[in-house]
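Report on the structure given below.
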Amino acid sequence: MPANEKEFFDLVAAEIERINDLDELPEVTAESSIADDLELDSLGMLELVLRLQSEFSVSLSEEEVVAVKTAGDLLDLVHGKGAVPR
Numbered sequence: 005m006p007a008n009e010k011e012f013f014d015l016v017a018a019e020i021e022r023i024n025d026l027d028e029l030p031e032v033t034a035e036s037s038i039a040d041d042l043e044l045d046s047l048g049m050l051e052l053v054l055r056l057q058s059e060f061s062v063s064l065s066e067e068e069v070v071a072v073k074t075a076g077d078l079l080d081l082v083h084g085k086g087a088v089p090r
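Basically the working numbering = 1-based index in the sequence shown + 4.
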């Protein structure tokens, strides 16, 4: 599982910075909306999910990912898979 919530959200922020080509890290909290606050479209979400699957050795189904609305939902999903950081 992610070492802690902050480390998970820091990783998500770094990936969003890369995906959206931002000049600085966005603030990511459990309440952050994936689409509205973090401005990820479906392709960006796919990139983020692929990175998390690789980073934490988990498999996330399309149905599970579509249900994710916030960064907290994403953390719960990854944590629920028994994630192990690489």
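Note that beta-carbon positions come from the ideal geometry of N, C-alpha and C, so glycine has one too.
Only a predicted model underlies this, so the values are computations on that prediction, with no experimental measurement involved.
Just measuring C-alpha positions, the residue of LEU42, MET49, LEU47, GLU59 sitting nearest GLU11 is GLU59. For GLU35, the CB contacts under 7 Å within the same chain, skipping 5 residues up- and downstream, are THR74, GLY76 in chain order. The alpha-carbon separation between ASP14 and GLU51 amounts to approximately 16 Å. Each of ASP27, LEU42, GLU19, LEU26 was checked against the Cα of THR33, and the nearest Cα belongs to LEU42. Per the coordinates, the alpha-carbon of LEU47 lies some 22 Å from the alpha-carbon of LYS85.
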